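Student:
In my numbering, the protein residues as written are 92 to 506.
Take a look at the structure:
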């Protein structure tokens, strides 16, 4: 494994948290949330920074996949897309064509949607919410047309079986049935591009609060600190589960959100979007590993969506997990049971475009980064008028998540 590069001074490790609600380990490719978000952010955010000539040269990289799009809004020829929209990005566990990444050549089978991310952009395009749905969450899969022409539905099945039941459209139908949110754009990804993408961006800084030695993924971090992870190291970090937090997939998602928030900060930085060569390489790597719905496959569409996204402040980009419980029995044994009450509350805020904050007390295996930069008050800024009422974002109690401007560290459980 390539050498990890510390950004900040190393510090003493803090104790890991107790194990509870551990999920049964899957033989399939582990959840790779950040790879999906990296692809999404690359294609939709960096596109706005690339000139037309460069974009045209990327056209040949686009591959489309069949998808029902009843509510896709019209895309203007020039300028940002109008209004709000939802984008679904799905990653499958297939190892076909992956050159052995994530598993042996002898096990190149399966087609499960182990990554499920829904990105909601508000009507006024000032906020974005990125919802991660646990792959093992037990849901009802609606009747979906399969490749052989049959139509089947399933009750109380893990979410990650929807892709094999009826393709990308079936995953979208399942997410819509769970949330009530329409999906206008969608795409699937594979994982061969992650190393190239990590290298193209120059790495992503991530913080850990202690050593991580994971024989399953090959991740070796000897002590606490912040490290800039390039391709292979980033992939290992994103796949690590048993050695972060309580070892569950829910904790791994939170750990991956440490990567995601840092990724957004990196993509938003002038050093990334201002470097057309870096943006081009990043976009090319992402497109080579994605299949897009026809509504999303047009470069004009991507540019229009990118223009809508590029000015959203990072503090208004919120990553959350769809809430659920572990430790159940029956159909929920070793799986995730949806928290319907909190889930409905989350979706009500999202559907109404009402800003909110995740619960800081529900970290699921992350802690505040003690080396995070401290914002210096602007001496020229006006003093707030105490007579003017301000409206704070309400906190959704029990909801796990992070905003892109938060610096957090993954909690190691190597003890």
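Glycine is no exception: its CB is placed at the ideal position from the N, C-alpha and C atoms.
Quick caveat, the model's predicted, so the values are computed rather than measured.
Identify every residue that forms a DSSP beta bridge with residue 222.
Tutor: According to DSSP, which records beta bridges pairwise, residue 222 is partnered with 209, 411.
Student: Buried or exposed for residue 258, please, with buried defined as at least 16 other CB atoms from any protein chain shown within 10 angstroms of its CB.
Tutor: Buried, since its Cβ has 16 or more Cβ neighbours within 10 Å.
Student: Terminal residues of the continuous beta strand (DSSP E) containing residue 268?
Tutor: Not the beta strand (DSSP E): residue 268 falls in the alpha helix (DSSP H), residues 253-270.
Student: What separation, rounded to the nearest whole angstrom, lies between the Cα atoms of residue 155 and residue 382?
Tutor: If I take the Cα positions, the gap works out to 5 angstroms.
Student: Of all the options 423, 221, 450, 205, which has the alpha carbon lying nearest to the alpha carbon of residue 400?
Tutor: Ranking 423, 221, 450, 205 by Cα distance to residue 400 puts 221 first.
Student: When you compare only the Cα positions, how much space is there between residue 216 and residue 413?
Tutor: Each residue's alpha carbon lies about 22 angstroms from the other.
Student: Go ahead and pull the three-state DSSP assignment for residue 372.
Tutor: Three-state DSSP puts residue 372 in a helix.
Student: Tell me, to the nearest whole angstrom, how far the beta carbon of residue 384 is from that of residue 278; I am working on the premise that it is less than 8 angstroms.
Tutor: That pair is a contact at about 6 angstroms.
Student: What residues match up with residue 382 in a beta bridge as DSSP calls it?
Tutor: In DSSP, residue 382 forms a bridge with 279.
Student: Identify the continuous beta strand (DSSP E) that holds residue 501 and give its terminal residues.
Tutor: Counting along the chain, the beta strand (DSSP E) containing residue 501 begins and ends at 499-501.
Student: Give me the Cα-Cα distance between residue 353 and residue 242, rounded to the nearest whole angstrom.
Tutor: Roughly 42 angstroms between the two C-alpha positions.
Student: With DSSP run on the structure shown, which of helix, strand or coil describes residue 447?
Tutor: Reduced to three states, the DSSP call for residue 447 is coil.
Student: Can you tell me which residues form a DSSP beta bridge with residue 202?
Tutor: Per DSSP, none; premise fails for residue 202.
Student: Classify residue 502: buried if its beta carbon has 16 or more other beta carbons within 10 angstroms, exposed otherwise.
Tutor: Classification for residue 502: buried.
Student: Closest to residue 334 by C-alpha separation, out of 359, 236, 303, 309, would be which residue?
Tutor: If we check each option's Cα against that of residue 334, 303 comes out closest.
Student: Identify the residues that DSSP records as bridge partners of residue 179: which are they?
Tutor: In DSSP, residue 179 forms a bridge with 209, 277.
Student: To which residues of the same chain is residue 460 closer than 7 angstroms at the C-beta, ignoring the five residues directly before and after it?
Tutor: Closer than 7 angstroms at the Cβ level, and outside the excluded window around residue 460, lie 298, 498, 499, 500.
Student: Taking the C-alpha atoms as reference points, what is the distance between residue 264 and residue 244?
Tutor: Approximately 11 angstroms between the Cα atoms of the pair.
Student: Should residue 251 go down as buried or exposed, given a rule of 16 or more other Cβ atoms within 10 Å for buried?
Tutor: The residue in question, residue 251, is buried, as its Cβ has 16 or more Cβ neighbours within 10 Å.
Student: Is residue 347 helix, strand or coil by DSSP?
Tutor: Helix.
Student: Apply the 10 Å Cβ neighbour rule to residue 307 and answer buried if 16 or more other Cβ atoms are within range, or exposed otherwise.
Tutor: The residue in question, residue 307, is exposed, as its Cβ has fewer than 16 Cβ neighbours within 10 Å.
Student: Pick helix, strand or coil for residue 311, following the three-state DSSP scheme.
Tutor: Residue 311: strand per DSSP, three-state reduction.
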